[in-house]
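Position 8 (the sequence shown) corresponds to 15 in the working numbering; numbering is contiguous.
Beneath this line is the structure, given in structure tokens, with notes to follow.
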Amino acid sequence: MSVKKKILIIEDNEQNMYMITYLLESNHYEVIQSFNGMDGINKAIKELPDAILLDIQLPEMDGYIITKELRKIHLLKEIPIITVTSYAMLGDKEKSIEAGADGYIEKPIDPDIFISQMEEFITKKNQNRRK
Ligand code: MN
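Here it is in structure tokens:
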């Protein structure tokens, strides 16, 4: 791998943040952490990550609002956004896509398939962009 891909994680739960960071770093990704929406949006603008992993349930701004805000920013229009939704919350997936996300990964995260799930969305997004 030539250049490390940079992933911004916006997640308020320390344990999930720890696990997602661990999985990404052990797969040669660079990780930027953010624990709330406002900070996450600022970091997205500053760092221009290759993808954003976004928790839906966050204090103050939820993941849908954050997705919509990110999509309003010209520089971030094409960045893959993958939401992390809770399995129990019906409608989260549809609402994520409506808000402008490219895909969703259900919690609890399965460490064995997490990276491939994420990469699939990033690849799909990049292919669509080239059409
Ligand atoms: Mn949360």
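Using N, Cα and C, we set each Cβ at its ideal position, and we do this for glycine too.
First and last residue of the alpha helix (DSSP H) that includes residue i?
i           : result
residue 13  : No alpha helix (DSSP H) contains residue 13, which is instead part of the beta strand (DSSP E) from 13-17.
residue 71  : 70-79
residue 52  : 44-54
residue 104 : 99-106
Here's a check: name, in chain order, each residue in its chain whose Cβ is nearer than 8 Å to the Cβ of residue i, leaving out the five neighbours to either side.
i           : result
residue 122 : 30, 31 and 34
Let me make sure I understand the geometry here. Which of the options has the alpha-carbon closest to that of residue i?
i           : options            : result
residue 110 : 10, 118 and 101    : 101
residue 47  : 70, 26, 36 and 27  : 70
residue 43  : 65, 104 and 59     : 65
residue 85  : 92, 28, 120 and 52 : 52
residue 92  : 20, 119 and 137    : 20
In chain order, what residues of the same chain lie with their CB nearer than 6 Å to the CB of residue i, ignoring the 5 residues before and after it?
i           : result
residue 23  : none
residue 18  : 24 and 62
residue 132 : 87 and 109
residue 13  : 37, 56 and 57
residue 8   : Any answer about residue 8 is weak, because its pLDDT of 49 lies below 50 and its placement is not dependable; what the coordinates show is given next. Cβ neighbours of residue 8 beyond the five flanking positions: 35.
May I ask which residues mark the beginning and end of the beta strand (DSSP E) holding residue i?
i          : result
residue 31 : First-last for residue 31: 21-33, but that is the alpha helix (DSSP H), not the beta strand (DSSP E).
residue 67 : Element bounds for residue 67: n/a, residue is neither H nor E.
Using DSSP's beta-bridge definition, name the partner residues of residue i.
i          : result
residue 91 : 62 and 112
residue 10 : According to DSSP, residue 10 bridges with nothing at all.
residue 39 : 15
Below 7 Å CB to CB, which residues in the same chain sit around residue i once its five sequence neighbours on both sides are set aside?
i           : result
residue 126 : none
residue 11  : 35, 36 and 37
residue 50  : 15, 39 and 41
According to DSSP, is residue i part of a helix, a strand, or is it coil?
i           : result
residue 126 : helix
residue 85  : coil
residue 131 : helix
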